[in-house]
Structures are given as C-alpha cells and as structure tokens.
Amino acid sequence: AQSVTQLDSQVPVFEEAPVELRCNYSSSVSVYLFWYVQYPNQGLQLLLKYLSGSTLVESINGFEAEFNKSQTSFHLRKPSVHISDTAEYFCAVRGAGGTSYGKLTFGQGTILTVHP
Amino acid sequence: GAVVSQHPSRVICKSGTSVKIECRSLDFQATTMFWYRQFPKQSLMLMATSNEGSKATYEQGVEKDKFLINHASLTLSTLTVTSAHPEDSSFYICSAQKPGGVYGNQPQHFGDGTRLSIL
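Top to bottom, those sequences are chains V and G. Residues in the first sequence are numbered consecutively from 330, following the numbering used here. Residues in the second sequence are numbered consecutively from -15, following the numbering used here.
Right under this line is the structure:
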C-alpha cells in the first residue's frame, strides 16, 4: 500500500516571495513521484516528475522538487512566485512494483494563493 | 504533445437519468485510461482502470453496475453513470497513459473533467 501526505492544505504568499509545498509519502516498494497542478474547474496538468537519476527535477516555469529517499519526501519549491501560480497542487506517487504497480495515489492537495 | 479531451464539461440532469462521459486521447494511443472522482475540496480518488479490449478493474467500494466503463478503442474510453442520483454529483476526471517504457513510469495525462450535477 502507498499513501501521500501534503502537510499544508493552504499556503498564502505574496508575489515574488519563495514558496515550498511539502509532500511526504509512504510505500513498501520503489515509487515514481509526480507533482500536478489544477486550475479551477479543470483537469490536472503534469508539473514535474521524478523517475530515476538526479534527485532534483525542474519544470519549465521555475518550479523544482527534490526527491529525498531517507525522508520519503518530494517537496515542491519556487524561488519567486507569480500571481499566475495561484492554483491547487497535488503530489502523487506511483508504485514501481508489488500490488501498487501502476496505480497513482494523490495527496490531499495544497491550495497556493499568491497575493499582489 | 499528449492531449486528452473529455466531454461533456458539464452535465445537469434529473435523478434517474443515465449519463455518459467520453474520454479521448487526441494525439496518442492509450492502452490504459483511468477514471477518477473528485469531491469538493478533496483529492482525486481512483475509481477504475480501463484497459483497451478488456474489462475495467474497479477500486474497492466502486459499484461496477453503477459506473459502467467501456474502452473499445485505443483512443476512447467512456464512463456511464447509470440511474444517477444526487449523491453521484461530483467532478469526474479521466486520464490516459501513453504506451511504451516501463508501465509505472509513464505519466498520466488528464482531461479537463466533467462536472456532473444530479437534481
């Protein structure tokens, strides 16, 4: 079995401030890790993913996340946020084997609100 | 790209009606599609995994006879909510996965969701 915990349900920040959205997971098998973003009344868009290799992964719009195996974390960061980053962010894990193979499990979501 | 189209985007209908939602992968063939349900201010809950040409695999607690899934082609999966009731009102989202590579490491690409409201 696998689970994902996003520690903050809401994160308000001011524009151009740094932000970190926290994500911890548990799994009995190796996992692949994902961050998705959801804008109101829309589906999810893949923001970035960790499959293997370098533990630091980056998106095209300035977000980055670091896979920390010892802490079972995959926190999402951005050094300077914009108003347009306001959205809900979901951390997700997918098992690489065992009974969780292929299944995507989502965290509860974190609503990021960027204020001017 | 990897575009997934979901239709309709919004449905409002009377209790007892059956509603069909379509999920199409527009620029790739998807051997596997997934159906999720999202309640207000909650995360996505996987309902079922749909494989082309075979029966869907439902998650525990999801009624197979209530939520009929058909994946007749590599680009289309449908979810039919049969005899819908107000408690079935929710946001339904599909996703599609590209074939190839190791199954688990292909990202899922999501449709824009369908807001279902049963009166």
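Glycine included, every Cβ here is placed at the ideal spot set by N, Cα and C.
In this structure residue 348(V) does not touch residue 354(V) by the C-beta definition: roughly 20 Å separates them, more than the 8 Å allowed. Taking the C-beta atoms as reference points, residue 417(V) is found no nearer than 7 Å to residue 389(V). Taking C-beta atoms under 8 Å as the contact rule, residue 402(V) and residue 352(V) qualify, at a distance of about 6 Å. Inter-segment contact for the segment 11 to 18 of chain G and the segment 74 to 82 of chain G is present: three or more beta-carbon pairs are separated by less than 8 Å. Taking all protein chains shown into account, residue 69(G) has fewer than 16 neighbouring C-beta atoms within 10 Å of its C-beta and is therefore exposed.
Under a 10 Å Cβ-count criterion, residue 28(G) is classified as buried, with 16 or more other Cβ atoms of the shown protein chains found around its own Cβ. Annotation for residue 370(V): no beta strand (DSSP E) segment contains it, and DSSP assigns it neither H nor E. For the segment 363 to 381 of chain V, the set of residues with a beta-carbon nearer than 9 Å to any beta-carbon of chain G comprises 363, 365, 367, 370, 371, 372, 373, 374, 375, 378, 380 and 381, in chain order. One Cα belongs to residue 46(G), the other to residue 442(V), and the distance between them is close to 34 Å. By the C-beta density criterion, residue 39(G) is exposed, having fewer than 16 other C-beta atoms within 10 angstroms.
For the segment 416 to 445 of chain V, the set of positions with a beta-carbon nearer than 7 Å to some beta-carbon of chain G reads 419, 423, 424, 425, 430, 431, 432, 433, 435, 436, 437 and 438 in chain order.
As far as DSSP is concerned, residue -13(G) takes part in no beta bridge.
In the DSSP annotation of this structure, residue 352(V) is not part of any beta strand (DSSP E), being labelled neither H nor E. When secondary structure is reduced to three states using DSSP, residue -1(G) falls in the coil class, being assigned neither helix nor strand. Around the C-beta of residue 385(V), fewer than 16 other C-beta atoms lie within 10 Å, and the residue is accordingly described as exposed.
For residue 412(V), the three-state secondary structure derived from DSSP is helix.
When DSSP reads this structure, residue 437(V) sits in no beta bridge, so it has no partner. Interface residue (Cβ-Cβ distance to chain V less than 7 Å): residue 45(G) is not classified as such. The Cβ-Cβ distance between residue 102(G) and residue 67(G) does not fall below 7 Å. Under the Cβ criterion of 7 Å, residue 102(G) is not counted among the residues facing chain V.
For residue 57(G), the enclosing beta strand (DSSP E) begins and ends at 51 to 57. By the criterion of a C-beta distance shorter than 7 Å, residue 396(V) is surrounded in its chain by 362, 379, 384 and 403, once the five residues flanking it on both sides are discounted. Annotation for residue 377(V): 364, 386, 387, 388, 392 and 394 place their beta carbon closer than 7 Å to its own, counting only its chain and skipping 5 residues before and after. Here the alpha carbon of residue 381(V) sits roughly 12 Å from the alpha carbon of residue 398(V).
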